[in-house]
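Under the UniProt record's numbering, the sequence shown has 338 at position 338, and the numbering climbs by one with no breaks.
Cβ atoms here follow ideal geometry from the backbone N, Cα and C, with glycine treated the same way.
Predicted, not measured: the structure shown is a model, and the values here were computed from it.
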Amino acid sequence: RKGPIGCPVFPKWTSCSDEPMKTVVSKAVIKLDKQSYGELKVYVNDKWLAVCRDRVYTIYEDWALRLAKTVCRQLGYNSSKNVMSFIKLQGRTPFSQLFLYTDISCRGTQKHLEECHHTRWNTGMGRMCESTSISCDVPSIRLSERTYGVVQIRLNDSVWLPLCKYWYQGHEYTWGKEESRVLCKHLGLNTGNILTYNYKTPHQGDHVSTDMKCKGSESDLRECERFSWSFMRPAFICHTVYVACDMSKDVNIHLRDPDDHSGKPELLETKLCSDKWTETEASAICDNLGLSPKYAIPLFYEQHSAHDRSNSSSFECSKSEYGVECEMEKCPYCDCLHYNVGVRCFDHKPGIHEYIKVKPQFPYTGQVEVHI
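So this is what it looks like as structure tokens:
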């Protein structure tokens, strides 16, 4: 059965006000279940009704994040980038439950919901509703092992949840070296060579995502662009984010097939491969091993038969004014140019005969040895 004019056919409508839309919304009394956070509700006919999105006309997460910022501002909370907005969408049951259904869409800069674009603001019932929970509080953030480990977020009174980098509808939610650098400063930790490691996990529980972007110069995560977090349901493709603020102290690296301070490095139970296995990567490894990074040389072993992605992670480092920063990503999503890589950590400046012996000019042709 069709609903009132201007209302979708489904869910089953119980009302569709003829009052001008802006007037209805401007008079609306809203609240969050637990003062500064909780399920968003509107007071209608002596009842608090959950606010549900129009799934046809709105896009899952962007809609809720922008709505959250405006709601926090309307309720009197500072919704600038110093305060995050957290959203949680969940299906409503039972089928007969009454809710407020809207396609309201905010930019996140408005002060009141009446300033947001909308064509629907109606009460109805149906299992197609997904309600929105919002938090206007700043979340707690930590590393699981204090100075290193999985990045974890606690939203309000919830348990600690892992941060996941994942893909949704073609959009990649990234966490890179800039975000890790600012996180270490945010936590007040001393930094050395910083490691950021993204690895796929069969994560079956709830987790948190963010599309926050940092420049790296910020002293606090709240200074970064888009400081907002989203509570997410279990995802099929979820990359857990691991950060070590000082690799030399907090990451155990060992060499396979060691030979006089040379060998194939392994860390976090994975072999390494790389698109750019250079002195920068080698120096980070040698420094971690407690050896001089100054004269570290990259090695290439058995390249013709080395393309085994099993238990491998891409590894790349870069130098900046802040020090050496390394990033890892667990294969099979990585596709490295160089596999079966190694390092040689000299404690002195190598002579030409030593340098040629350990570093061939063309890694795919095998090792070159010159005896002088």
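- The C-beta of residue 152 has 16 or more other C-beta atoms within 10 Å across all chains shown, which makes the residue buried.
- Ranked by Cα distance from residue 335, the options 323, 315, 319, 44 are led by 315.
- Between residue 345 and residue 261, the C-beta gap is smaller than 7 Å, which places the two residues in contact.
- Judged by DSSP secondary structure, residue 51 falls within the beta strand (DSSP E) whose first and last residues are 47-53.
- When C-beta atoms of the stretch 310-326 are compared with those of the stretch 275-289, three or more pairs fall below 8 Å, so the two segments count as touching.
- With at least 16 other beta carbons inside 10 angstroms of its own, residue 110 counts as buried.
- Contact annotation: residue 114 and residue 248 have beta-carbon atoms that are not nearer than 7 Å.
- The beta carbon of residue 288 sits closer than 6 Å to those of 247, 248, 253, all from its chain and outside the five residues before and after it, given in chain order.
- Rounded to whole angstroms, the separation of the alpha carbons of residue 186 and residue 355 is 42 Å.
- In the structure shown, residue 63 adopts helical secondary structure according to DSSP, grouped into three states.
- Per the C-alpha coordinates, the member of 141, 295, 217 positioned closest to residue 351 is 295.
- Exclusion of the five residues before and after residue 196 leaves 177, 180, 243, 327 as the residues of its chain whose Cβ lies within less than 6 Å of its Cβ.
- Only residues of its own chain outside the window of five on either side were considered, and among them 165, 241 have a CB closer than 6 Å to the CB of residue 175, listed in chain order.
- Secondary structure note for residue 299: its beta strand (DSSP E) is the uninterrupted segment 295-300.
- Counting along the chain, the unbroken alpha helix (DSSP H) around residue 247 starts and ends at 247-250.
- If the five residues before and after residue 140 are omitted, its C-beta is found closer than 6 Å to the C-beta atoms of 154, all from its own chain and listed in chain order.
- Distance between residue 256 and residue 330, taken at the CA atoms: about 19 Å.
- When secondary structure is reduced to three states using DSSP, residue 68 falls in the helix class.
- Take residue 283, set aside five residues on each side of it, and the residues of its chain with a beta-carbon closer than 6 Å to its own are 293, 296, in chain order.
- The alpha carbon of residue 266 has as its nearest neighbour, out of 313, 250, 233, 193, the alpha carbon of 313.
- Annotated as distal: residue 24 and residue 100, with beta-carbon spacing of 7 Å or more.
- Cβ neighbours of residue 104 within its own chain (closer than 6 Å, five residues either side excluded): 116, 118.
- The beta carbon of residue 232 lies closer than 6 Å to those of 207, 209 in the same chain, with the five residues before and after it left out.
- At a Cβ-Cβ threshold of 7 Å, residue 163 and residue 245 do not count as neighbours.
- The beta carbon of residue 112 is closer than 6 Å to those of 74 in its chain, skipping five residues each way along the sequence.
- In the structure shown, residue 271 adopts extended strand secondary structure according to DSSP, grouped into three states.
- When 45, 102, 30 are compared, the shortest CA-CA separation from residue 134 is found for 30.
- By the neighbour-count definition (other C-beta atoms within 10 Å, threshold 16), residue 271 is a buried residue.
- Residue environment analysis places residue 53 among the buried positions, since at least 16 neighbouring C-beta atoms fall within 10 angstroms of its C-beta.
- Rounded to whole angstroms, the gap between the alpha carbons of residue 45 and residue 125 is 15 Å.
- Among the bridge pairs identified by DSSP, residue 209 is matched with 230.
- The C-beta of residue 234 has fewer than 16 other C-beta atoms within 10 Å across all chains shown, which makes the residue exposed.
- In this chain, the alpha helix (DSSP H) harbouring residue 177 covers 177-186.
- A distance of 7 Å or more separates the beta carbons of residue 98 and residue 32.
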